[in-house]
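Student: Sharing a structure with you now.
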Amino acid sequence: MQSKLTTTALARATGVKPESIRTRVYRTGSYYGLCPLKGPNGRLLWPADAIERLLGDGGKAA
61 MQSKLTTTAL
71 ARATGVKPES
81 IRTRVYRTGS
91 YYGLCPLKGP
101 NGRLLWPADA
111 IERLLGDGGK
121 AA
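With the numbering used here, the residue at position 12 of the sequence shown is 72, and numbering never jumps.
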């Protein structure tokens, strides 16, 4: 089973507020092409490679 990231962890790694991610998902259904899974409690869960896919540089932000 592939591990998942919380919205807070994704936000911290990408330098944005968690609320910004949640708002974009609510409005468009995705966050810059990444579609989250919704847990049974309503929380958004992101694929473990979401950071690399968003940053586009293998996760090696300078």
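Every residue, glycine too, gets a C-beta built ideally from N, C-alpha and C. For clarity, every value in this text was computed on a predicted model and none was experimentally measured.
1. How is the beta strand (DSSP E) around L65 delimited, first residue to last?
2. Go ahead and pull the three-state DSSP assignment for Y86.
3. Just to confirm my understanding: we take R82, look at its own chain, exclude 5 residues before and 5 after, and list those with CB closer than 8 Å. What are they?
4. P100 to G116, Cα distance in whole Å?
Tutor: This is what the structure holds:
1. K64 to T66
2. helix
3. T67 and L104, listed in sequence order.
4. 30 Å
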